[in-house]
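All remarks here apply to the structure that follows.
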Amino acid sequence: ETAEAMIAEAQRVEIKPRVGDAVYLLITKDRPDARFNTLLNGGEWEDRCGRPRLLTGLRTALAYYALARIIRDGNIQATRYGAVVKDDQYSQDAEKTERQRQYRELFAQADGYMAEAVQYLAENCETFPEYQVKGKMRSNRTTIKIIGR
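The sequence shown: position 23 = 1359 (this note's numbering), numbered continuously.
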């Protein structure tokens, strides 16, 4: 329940504004068009200069945005065995500063994956005419300018 809410929030707050409403509506269908496979799942592609590029994918970016929110807001602890709620007599909640550090690291990683996706959309405007190129992409910490458009 909490994870679903965090995923939905990450989709609305982080993904939708950066890809635009038209693309967002198309990629959130039950069966998105096959042309969105690389955008969603990642893969190799070539930029306009013919250089090979690697895209991690929006699904991975979404996972990192959602996990960052869970770490920040939930009482779920990330462990090497998976996400757990520690509530026995010997458990302690993680320190707030540690949670904030983990949140910032995960969010920064997600921002990097999101920047890859935005660049992929911008450079493949023939394939994605629904995408409206935006001059800047803002996050909590970074402004990314898209050059060449």
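Glycine residues also receive a C-beta, built at the ideal position from the N, C-alpha and C atoms.
None of these values were measured; they are calculated from a predicted model.
(request) Count the other C-beta atoms from every protein chain shown that fall within 10 angstroms of the C-beta of R1371, then say buried if there are 16 or more, exposed otherwise. (result) Walking along the sequence shown from the start, residue 1371 turns up at place 35. Flag for R1371 reads exposed.
(message) Which same chain residues end up closer than 7 Å to L1390 when comparing Cβ atoms and leaving out the 5 residues on each side of it in sequence?
(response) Start at 1 with the first residue of the sequence shown, and residue 1390 comes out as number 54. The residues are E1380.
(request) Compute the beta-carbon to beta-carbon distance between R1395 and N1373, rounded to the nearest angstrom, for a pair I have assumed lies under 8 Å. (result) On the sequence shown, position 59 is the one that residue 1395 refers to. On the sequence shown, position 37 is the one that residue 1373 refers to. Wrong, their Cβ atoms sit about 11 Å apart, outside the cutoff.
(request) Please confirm whether D1383 and E1459 have their CB atoms less than 7 Å apart. (result) Against the sequence shown, residue 1383 aligns to sequence position 47. Against the sequence shown, residue 1459 aligns to sequence position 123. Yes, Cβ-Cβ distance for D1383 and E1459 is below 7 Å.
(request) Look at the Cβ atom of A1404, then the Cβ atom of M1450, and state whether they are nearer than 7 Å. (result) Indexing the sequence shown from 1 puts residue 1404 at position 68. Indexing the sequence shown from 1 puts residue 1450 at position 114. Against a cut-off of 7 Å, the Cβ pair of M1450 and A1404 comes out as no contact.
(message) If I follow the unbroken alpha helix (DSSP H) through G1448, where does it start and stop?
(response) On the sequence shown, residue 1448 is found 112 positions in, with the first residue counted as 1. Start and end: K1432 to E1459.
(message) Output needed for M1342: all residues of its chain with C-beta closer than 6 Å, excluding positions within five of it in sequence on either side, in chain order.
(response) As a working mapping, residue 1342 is identified with position 6 in the sequence shown. Excluding positions up to five away in sequence, the list reads A1402, R1405 and I1406.
(message) So, with DSSP's three-state summary, where would you put P1388?
(response) The residue you call residue 1388 lines up with position 52 of the sequence shown. DSSP places P1388 in strand when its eight states are reduced to three.
(request) State yes or no: is the C-beta of V1493 within less than 7 Å of the C-beta of R1354? (result) Any property of residue 1493 remains undetermined from this structure, which presents the chain solely from 1337 to 1485.
(message) Among the candidates D1369, A1339 and L1442, whose CA atom is the shortest distance from the CA of E1466?
(response) Against the sequence shown, residue 1466 aligns to sequence position 130. Considering only alpha carbons, the answer is D1369.
(message) If distances are taken between C-alpha atoms only, which option among A1344, A1358, E1340 and C1385 comes closest to F1278?
(response) Outside the shown range of the chain (1337 to 1485) lies residue 1278, about which nothing can therefore be said.
(message) If the criterion is Cβ atoms closer than 7 Å, does the pair Y1400 and A1446 meet it?
(response) Position 64 of the sequence shown holds residue 1400. Position 110 of the sequence shown holds residue 1446. Result yes, Cβ atoms of Y1400 and A1446 sit closer than 7 Å.
(request) Assuming R1435 contacts R1408 (C-beta within less than 8 Å), just tell me the rounded distance between them. (result) Within the sequence shown, residue 1435 is the residue found at index 99, counting from 1. Within the sequence shown, residue 1408 is the residue found at index 72, counting from 1. Contact flag correct, Cβ pair sits at about 6 Å.
(request) Compare the beta carbon distance of T1338 and G1393 with 7 Å and say whether it is the shorter of the two. (result) Along the sequence shown, one-based indexing puts residue 1338 at 2. Along the sequence shown, one-based indexing puts residue 1393 at 57. Taking 7 Å as the Cβ cut-off, T1338 and G1393 do not qualify as a contacting pair.
(message) Looking at Q1438: is its Cβ nearer than 7 Å to the Cβ of G1356?
(response) Counted from its first residue, the sequence shown places residue 1438 at position 102. Counted from its first residue, the sequence shown places residue 1356 at position 20. Contact flag unset, no.
(message) Just to confirm the assignment, what range does the beta strand (DSSP E) spanning E1380 have?
(response) Residue mapping note: residue 1380 aligns to position 44 of the sequence shown, counting from 1. Unbroken beta strand (DSSP E) run through E1380: G1379 to E1382.
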